[in-house]
Each structure stands twice: as C-alpha cells, then as structure tokens.
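These notes concern the structure reproduced below.
Chains as they are written, first to last, in the numbering used here: chain A, 1 to 115; chain B, 1001 to 1255.
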C-alpha cells in the first residue's frame, strides 16, 4: 500500500470494491447451481449435499459478511453523495469502523442461526 | 576516540525524467528545517543542476509541492522532523503529471482540466452596475466558502488514484473549482459549468477514496465538492425538462 493511500476512507473504498467484486464473482456461480434444478431434483440435491459440508458453511458465513460489508459501506457512500454534508470535511469517517463491526455482527447472527 | 560529527540527513532525490534514478545526498540535520530547505541545500551545495519549483516558501503560492516519502505535500510547510524516517527522506516529483526533470513536472494538463470543468468565471454585471449583494450566510455561499481557498498546488490531483487510472478524469481540484462556480450566484454560466463538470471524465468518476481531502494542505474537501456536484447533476437530470430547469436557465442569462 503506497503511503498516500494509507487512510481510512481509502480502506473503505478497498473494502467496498473487493466485496463488490467477490459478490459479482459469486452471483454467476449461484445462478449456475440454482439452474441445476432444470436437470431435475436429483442434480440439485446432489449439490445440496455438498453444501452441507463445513467448508461450505464457512464460505456462506464469508458471503454474508461480504454482503454486509458491501451494504454498510455502500450506505455510507449513498449518504455522502445524496445528503448535504452537515459541516465542511465531514466525510463520516467515523462510520467506517462501526460499519465493519456491524458487518461482523451480522456474520455472528448468521453463525448463531446456522449452528 | 569518538569524533563528534553533526547529525546528518540522508536525502534520496529523483533525478532525471521517467527513466531517471534516485541519488542520495547527505545534508546536515538542523533543528528547524523544512523539506524545501533540504532540497535547496542539495541544489546549492551538491547538485547545482537539480531542477525544482518554489516561489513564496510560506505556503501561499502552491508551487513547491512534491512527493515526500510517498505522500504529496507542500515542501515549504513540511518539517523534516515530521516526515523523516530513521534520518532518511525520499523526494520525488508529484504523481499523475508528466515529469520534466528531477522534481519539476509539467502542470499544463492539470490547468487545462480547470478550463474543461468550466472553471472560468463569467460575471453577470458590468463595472457600471452595483456589485451583487451576496448573503454570506446563504447555503450556497457557505458551500463556496468551504471550497474557495484552493491555490492550485495539485497535491490532491497527485494523491488521487482515479486520476492515475483514467487520464480523462478532471480531478479533484478542477471539480472543486466547478463546485464553487455552480454555487456562485454572480457566475453567469452556472448551468454550463455544471454540464461540463458532469461530462465524461467529470464528477461521476469519483470513487470517494478521499485521498484529496486527506492530503489537501489547505484542509479543503474536494470529495465533498464532488459529492455536491453529483447531487446537483442527479437533480438536474430529474428536472431537466421541467419548469425548474427553465427557472435555473433564466438565472444564468447575463443581466
């Protein structure tokens, strides 16, 4: 990371971008697996057996956290761009860390629900 | 026997154009020393051919900005003590502009973008007319005041990664200028400036990385100005064929 980038707002950008790309990469795979049902319930069920593996559960947790990160960082961006700033320079940097906490809280709730 | 040697500073300075190299100079470390002092000392005592820019030396002119240890800064207002790492400093020209020689870069493209963003003021009154009465507490004037102190040093332009990725992008300084004009009720071409700031390479390209506001030596937040332009462009799109747009256009006609 070059020195001019090492500040919170840039990390928020990186978090939003990386989670967005990861989710975009996930979606086609999601649709592909859903499309297995077109081949019959047996095809889908054989995949759903795989989805019960612990590795899949961890990946699902990652997916939920990524979604939540993208959601909360995206909310900050929407707020910054659509709502007049209440004072000069107030770029809501103090939303960034709580956004991460909230994302991991969502992840924890997911884990509690699954386990 | 220990020789008592004065503390020295190891300064790596970029020499040449794009295919140049870093050269290291040793200069005495002093109690009160800015990075610009160091560059000047290198030029006076070690390397007379060293090219760099400065004028006022007190943070008014905006010509001495360079990349110091990877961060764009006014060298005249940067104390060595604040940035030196284990007695070393690395000084390069600003990013995102063609290098001319050593620490000087070609800022023509940067200034051209000010014009492209509609940054030229066009008054609504002539000198025979009374000056416009602008309420300093009005919402628009408060927005202008927050962004008006820019001195074109290009620190934000150098800090912005979107400028590096997209050479068409007008950059934080030019868009910040446009924001001051679209909020200036004395500016006759507010709609034109907004249209130019919304074009390809305009405000829509900003990714809100915030490096411009992080590094602006004056404390301006171009991110905020660009967010304002985005908001205004959205509104102008929503009402573009309606009475509100006509009313807006009317206010733009020179008196």
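Backbone N, C-alpha and C define an ideal beta-carbon position, used for all residues, glycine too.
- Residue 92 of chain A and residue 80 of chain A do touch by the CB rule: their CB atoms are close to 6 Å apart, below 8 Å.
- The alpha carbon of residue 1099 of chain B has as its nearest neighbour, out of B:1083, B:1078 and B:1066, the alpha carbon of B:1066.
- Within a 10 Å sphere around the beta-carbon of residue 18 of chain A sit fewer than 16 other beta-carbons, which makes this residue exposed.
- Interface annotation, residue 1075 of chain B: not in contact with chain A, CB-CB separation never under 9 Å.
- Secondary structure at residue 1009 of chain B: strand, using DSSP grouped into helix, strand and coil.
- From the beta-carbon of residue 1230 of chain B, the residues of chain A found nearer than 7 Å are 81.
- Apart from the 5 residues on each side of it in sequence, residue 15 of chain A sits with its Cβ closer than 6 Å to the Cβ of 69 and 73 in its chain, given in chain order.
- In the displayed model, residue 1186 of chain B falls within coil according to three-state DSSP, outside both helix and strand.
- For residue 109 of chain A, the number of other beta carbons within 10 angstroms of its own is below 16, and it is reported as exposed.
- Those residues of the region 13 to 45 of chain A placed with their C-beta closer than 7 Å to a C-beta in chain B are 13, ordered along the chain.
- Identification of chain B residues near residue 7 of chain A by a Cβ-Cβ cut-off of 8 Å yields 1210, 1211 and 1214, ordered along the chain.
- Of the candidates B:1151, B:1197 and B:1068, the residue whose Cα lies closest to the Cα of residue 1081 of chain B is B:1068.
- The residue among A:94, A:42, A:98 and A:106 with its C-alpha nearest the C-alpha of residue 60 of chain A is A:106.
- Ranked by Cα distance from residue 7 of chain A, the first of B:1224, B:1213 and B:1121 is B:1213.
- Contact check between the region 1213 to 1226 of chain B and the region 1146 to 1161 of chain B: three or more CB pairs, one atom from each, fall below 8 Å, which counts as touching.
- Between residue 1050 of chain B and the set B:1084, B:1083 and B:1091, the nearest pair of CA atoms involves B:1091.
- Shown here for residue 1064 of chain B: same chain residues with a beta carbon closer than 7 Å to its own, the five before and five after excluded, namely 1036, 1053, 1054, 1074, 1075 and 1076 in chain order.
- From the listed residues B:1177, B:1014, B:1117 and B:1043, the smallest Cα separation to residue 1195 of chain B is found for B:1117.
- Going by DSSP, residue 1071 of chain B is part of the beta strand (DSSP E) stretching over 1071 to 1074.
- Using a CB distance below 9 Å, no part of the region 60 to 71 of chain A faces chain B.
- Per the C-alpha coordinates, the member of B:1133, B:1044 and B:1032 positioned closest to residue 1084 of chain B is B:1032.
- The Cβ of residue 10 of chain A sits closer than 9 Å to at least one Cβ of chain B.
- Of the residues assessed, residue 5 of chain A falls on the buried side of the cut-off, its CB having 16 or more other CB atoms within 10 angstroms.
- Its Cα nearest to that of residue 32 of chain A, the residue A:47 stands out among A:47, A:21 and A:20.
- Contacts with chain B at 9 Å (Cβ-Cβ) include residue 77 of chain A.
- Looking at the DSSP output, residue 87 of chain A bridges to nothing.
- DSSP places residue 1218 of chain B in the coil class of the three-state scheme, outside both helix and strand.
- If you look at residue 1144 of chain B, you'll find it in the alpha helix (DSSP H) that goes 1139 to 1147.
- By the CB criterion at 9 Å, residue 1225 of chain B and residue 1159 of chain B fall outside the cutoff.
- Just so you know, the alpha carbons of residue 84 of chain A and residue 1230 of chain B end up roughly 11 Å apart.
- Checking the DSSP bridge columns, you'll see residue 1022 of chain B partnered with B:1014.
- Among the CB atoms of chain A, none fall inside 9 Å of the CB of residue 1236 of chain B.
- Less than 9 Å separates the beta-carbon of residue 1162 of chain B from that of residue 1206 of chain B.
- For residue 1069 of chain B, the chain A residues whose C-beta falls within less than 7 Å of its own C-beta are 3, listed in chain order.
- Cβ contact annotation for residue 1181 of chain B (same chain, cutoff 6 Å, sequence separation greater than five): 1187 and 1193, in chain order.
- Close to residue 1072 of chain B, with beta-carbon spacing below 8 Å, are these residues of chain A in chain order: 4.
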